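Here the structure is laid out as structure tokens; the discussion comes afterwards.
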Amino acid sequence: MITDEKKTSLLPHNCILEDRRTLSVTGVNDVDSFDEQTIVAVTDLGELTIRGEKLHITRLSLEIGELQVEGNIASLSYTDVAPKSTSLWGKVFR
0 MITDEKKTSL LPHNCILEDR RTLSVTGVND VDSFDEQTIV AVTDLGELTI
50 RGEKLHITRL SLEIGELQVE GNIASLSYTD VAPKSTSLWG KVFR
């Protein structure tokens, strides 16, 4: 039986880029958006933006947190996920 505590633990996160044509990513929680130029994947360590040309998701398994991409990969970049604040000051300064 899987407890809630185990579900909320961080998934191991790795990126393996081979010849700028194949990318394997683990620790993926969701894919926010995708097209042939940009894929935005959500991880526990922030949003991972994959840019390039002719990008195709060849495998996506959210159960085990795996994403595989093929295409002409030009860049990988992370955007930190801002913690959600419910306080008045957090909403004002957002």
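The letter at position 55 of the sequence shown is residue 54 when you use numbering that gives the first Met the number 0, and the numbering goes up by one with no holes.
C-beta: ideal position from N, C-alpha, C; glycine also.
Values in this document were obtained by computation on a predicted structure and should not be read as measured data.
Query                                                                                                             : Result
Proximity of glycine 45 and aspartate 79 at Cβ, strictly below 9 Å                                                : yes
Range covered by the beta strand (DSSP E) that runs through isoleucine 56                                         : 45-60
Residue range of the unbroken beta strand (DSSP E) whose run includes aspartate 31                                : 27-33
Where isoleucine 63 sits in the DSSP three-state scheme                                                           : coil
C-alpha distance - isoleucine 72 paired with leucine 54, whole-angstrom precision                                 : 7 Å
Outcome for leucine 66 when other beta-carbon atoms lying within 10 angstroms are tallied against a minimum of 16 : buried
Straight-line Cα distance separating glycine 64 from valine 24                                                    : 8 Å
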